Amino acid sequence: MDFINQILPLCESIGFPALVFAIWYIYHQSQVKAFELIIQDNFEILKDLLETNQYHAALLSRIESKIDNNLWCPILKKEVS
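In this note's numbering, each residue's number is its place in the sequence shown (first place is 1) plus 7.
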């Protein structure tokens with residue numbers, strides 16, 4: 008209500024374009040806030056995905072080293088030990 012009381016004198020002196028600008032400005036501010044929330048959510052998701060990718064890379068590296076050393080087969084592992 009306070010915002011409307013501030014806009015009324017502006018509309019009386021400038022006219023309809025001021026009203027259109029005020030409506031656009033309010034809409035723009037709400038869109039900026041919405042996009043900021045979307046960007047924050049995407050950042051959190053990407054951070055979690057990065058941690059998951061690093062974990063998978065570590066697991067694949069362990070599997071690759073076991074295959075290279077022929078330690079992946081339990082029978083061969085018993086024969087070597």
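Ideal placement from N, C-alpha and C gives every residue a C-beta, glycine not left out. These numbers come from a predicted model, not from an experiment.
Which residues in the same chain have their Cβ closer than 6 Å to the Cβ of residue i, if we skip the five residues on either side of it in sequence?
| i | result |
| --- | --- |
| cysteine 18 | Ala25 and Leu26 |
| asparagine 60 | none |
| phenylalanine 23 | none |
Leaving out five residues on either side along the sequence, give the residues of the same chain with a beta carbon under 8 Å from the beta carbon of residue i.
| i | result |
| --- | --- |
| serine 20 | none |
| asparagine 76 | none |
Can you determine whether any heavy atom of the ligand COA sits closer than 7 Å to the C-beta of residue i, and answer yes or no?
| i | result |
| --- | --- |
| glutamate 43 | The ligand COA is not part of the structure shown, which contains no ligands of any sort. |
How far does the alpha helix (DSSP H) with residue i in it extend, from its first residue to its last?
| i | result |
| --- | --- |
| asparagine 49 | 23 to 75 |
Is the CB-CB distance between residue i and residue j below 8 Å?
| i | j | result |
| --- | --- | --- |
| alanine 29 | isoleucine 45 | no |
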